[in-house]
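S.K.: Residue numbers (this note's numbering): 808 to 1024.
Built from N, CA and C at the ideal position, the CB exists for glycine as well.
Would you mind keeping the following structure in view while I ask a few things?
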């Protein structure tokens, strides 16, 4: 997962705000503190943060406007909201608007840290999934191959044939000629497209470890 980043805390209770900040700093996060939502909004326009932990009553529109309004925060920011009292309709509204979690106060710092780490991990994997879909749908496509010569047309025809095959395929060529692009295009055009396409840099593996890394012990 990504290394610890920066967190904005919006909370009117200074003691709890400081205790929470200290616990998060011990985990490696950089923490900025605010006692009102508007200050946090202004700062978010200047610099983004990885996660926003905020008292819902301090945010405009009960959090929904803050998440979806014209000046909504960046979608890359994970938002966890908190309140003294849990109101089902309020929680449902902010979760639909994009909040990652809703925590009732008072909370235990250990539980809070676990929920923050969980929310960040979920966002990390969402980004990974988005990239993999982009990789599948955009990067590894035969349409991205450039060439009009008879030789390259023969290559395209061959690639389409081997994509439907279950045979092992060796792709050879000099560095920078597009071997990985070809391999990806074959995989995502094959019946195995829904499965993982795993790239391994064998040059980075020691001779003694190559077999175990690729095939297990």
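#1: Are residue 845 and residue 869 close, meaning C-beta to C-beta below 8 Å?
#2: With DSSP run on the structure shown, which of helix, strand or coil describes residue 1007?
#3: For residue 974, which of 994, 1012 and 871 has the nearest alpha-carbon?
#4: Let me make sure I understand the geometry here. Which of 989, 1006, 819 and 812 has the alpha-carbon closest to that of residue 962?
#5: Quick one: give me the first and last residue of the alpha helix (DSSP H) that residue 840 is part of.
#6: How is residue 894 classed by DSSP in three states: helix, strand or coil?
#7: At what residues does the beta strand (DSSP E) containing residue 859 begin and finish?
#8: Classify residue 1015 as helix, strand or coil using the three-state DSSP reduction.
#9: Given a cut-off of 8 Å, decide if residue 890 and residue 864 are closer than it, judged by their beta-carbon atoms.
#10: Helix, strand or coil: which one does DSSP assign to residue 1021?
#11: Classify residue 814 as helix, strand or coil using the three-state DSSP reduction.
#12: In three-state terms, what does DSSP make of residue 808?
#13: For the alpha helix (DSSP H) containing residue 959, list its first residue and its last residue.
#14: Within 10 angstroms of its Cβ, does residue 931 collect 16 or more other Cβ (buried), or is it exposed?
#15: Quick one: what does DSSP say residue 910 is sitting in, helix, strand or coil?
#16: Need the endpoints of the alpha helix (DSSP H) that residue 999 sits in, please.
#17: Can you tell me the Cβ-Cβ gap for residue 904 and residue 871, rounded? I've got them flagged as a contact below 8 Å.
M.R.: On the basis of the data shown:
#1: One-based indexing of the chain shown puts residue 845 at position 38. One-based indexing of the chain shown puts residue 869 at position 62. No, these two residues do not count as a Cβ contact at 8 Å.
#2: For the purposes of this step, residue 1007 is identified with residue 200 of the chain shown, where counting begins at 1. DSSP places residue 1007 in coil when its eight states are reduced to three.
#3: Locating residue 974 in the chain shown gives position 167, where the first residue counts as 1. Nearest option by C-alpha distance: 994.
#4: Walking along the chain shown from the start, residue 962 turns up at place 155. Here the closest residue by C-alpha is 989.
#5: As a position in the chain shown, residue 840 is number 33, starting the count at 1. Where residue 840 is concerned, there is no enclosing alpha helix (DSSP H), although the beta strand (DSSP E) it sits in stretches over 837 to 841.
#6: Locating residue 894 in the chain shown gives position 87, where the first residue counts as 1. Residue state, collapsed to three classes: coil.
#7: One-based indexing of the chain shown puts residue 859 at position 52. Note, residue 859: beta strand (DSSP E), 858 to 862.
#8: In the chain shown, the residue the question calls residue 1015 occupies position 208. Residue 1015 falls in the helix class under three-state DSSP.
#9: Start at 1 with the first residue of the chain shown, and residue 864 comes out as number 57. Start at 1 with the first residue of the chain shown, and residue 890 comes out as number 83. Yes, the pair counts as a contact, with Cβ atoms nearer than the cut-off.
#10: Taking the first residue of the chain shown as position 1, residue 1021 is located at position 214. Correct three-state label for residue 1021: helix.
#11: Position 7 of the chain shown, counted from the start, is the residue given in the question as residue 814. The answer is strand: DSSP assigns residue 814 an E or B state.
#12: Sequence index remark: in the chain shown, residue 808 carries index 1 (1-based). Note that residue 808 scores 46 on pLDDT, short of 50, meaning its location in the model is unreliable and no value can be drawn from it.
#13: Within the chain shown, numbered from 1, the residue matching residue 959 stands at position 152. From DSSP, the alpha helix (DSSP H) with residue 959 extends over 957 to 970.
#14: Taking the first residue of the chain shown as 1, we reach residue 931 at position 124. Exposed, since its Cβ has fewer than 16 Cβ neighbours within 10 Å.
#15: In the chain shown, counting from the first residue as 1, residue 910 sits at position 103. Reduced to three states, the DSSP call for residue 910 is strand.
#16: Against the chain shown, residue 999 aligns to sequence position 192. Looking at the DSSP string, residue 999 is not in any alpha helix (DSSP H), and its letter there is neither H nor E.
#17: For this step, residue 904 is matched to residue 97 along the chain shown. For this step, residue 871 is matched to residue 64 along the chain shown. Confirmed, about 5 Å.
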